[in-house]
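In the working numbering, the protein residues as written are 110 to 320.
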């Protein structure tokens, strides 16, 4: 992913975004070309050199059927994006030399894959994934709330996916390169939104504003 220096997000911030916005697009090379699956991931920061991503796909999924241990993969997380109209910019009134753009926050994670049908691995993964997603909810649902035979049956139709992370690239493109007035106008417009993605982008843009 091409990332100009002013848009770069460091690894720690990328990890935080994955924790908060865990849905990723797992992209692999299949027998008939590229294959992508949109699945939630759990990040394990302390494992391996740069960490691990763990998820699961349906056994009927081509990525599950054709998965080869050690194959390369890319996972794309996109926590937020929004169209920016040039009508917001004070520069439109000043000289008119403005055009639309699209703001986004994205994280690309690449590495090597391992696939598993190990029941203990799947049980631990599903428990960890559920606890992560249910945190803060009242009441919190747990895997143990469902009948054990039912969960056992469901585990038979999924395959665990583990990505050993080799590289992480993060970008927050939120018009940081524009004038102070233009940045503030976009920031204030984003802050009117109740969408947490818009608020996330407003937070990045706030860092680029003068006190």
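Each residue gets a CB set at the ideal place from its N, CA and C atoms; glycine is no exception.
Nothing here was measured: the structure is a model prediction, and the numbers come from that model.
Proximity to residue i [Cα-Cα], best of the options
i           : options            : result
residue 210 : 166, 303, 295      : 295
residue 190 : 298, 283, 140      : 283
residue 204 : 291, 300, 229      : 291
residue 137 : 113, 177, 126      : 177
residue 232 : 145, 179, 264, 254 : 264
residue 219 : 234, 236, 172, 159 : 159
residue 318 : 288, 171, 268      : 288
residue 277 : 245, 253, 184, 251 : 184
residue 274 : 156, 131, 224, 113 : 156
Beta-carbon proximity list for residue i, same chain, < 6 Å, skipping 5 on both sides
i           : result
residue 164 : 148, 150, 270
residue 215 : 187, 280
residue 249 : 243
Strand pairing of residue i, partner residues [DSSP]
i           : result
residue 282 : 213
residue 222 : 272
residue 144 : 137
residue 155 : Beta-bridge pairing links residue 155 to no other residue.
residue 103 : Lying before the first or after the last residue shown, residue 103 is absent from the chain, which here runs from 110 to 320.
residue 190 : 213
residue 149 : 132
Span separating the alpha-carbon of residue i from that of residue j
i           : j           : result
residue 182 : residue 199 : 43 Å
residue 202 : residue 311 : 23 Å
residue 133 : residue 117 : 19 Å
residue 140 : residue 175 : 8 Å
residue 212 : residue 309 : 11 Å
residue 304 : residue 193 : 15 Å
residue 258 : residue 197 : 57 Å
residue 179 : residue 293 : 47 Å
residue 236 : residue 320 : 44 Å
residue 166 : residue 111 : 29 Å
residue 153 : residue 142 : 29 Å
residue 333 : residue 128 : The question about residue 333 has no answer here: the residues shown for the chain are numbered 110 through 320.
Limits of the unbroken alpha helix (DSSP H) element including residue i
i           : result
residue 111 : From DSSP, residue 111 is part of no alpha helix (DSSP H); its letter is neither H nor E.
residue 232 : 228-243
residue 295 : 289-300
residue 311 : 305-316
residue 259 : 257-264
residue 203 : 199-203
Own chain residues within Cβ distance below 7 Å of residue i, not counting five before or after
i           : result
residue 145 : 134, 135, 136
N- and C-terminal bounds of the beta strand (DSSP E) containing residue i
i           : result
residue 163 : 161-167
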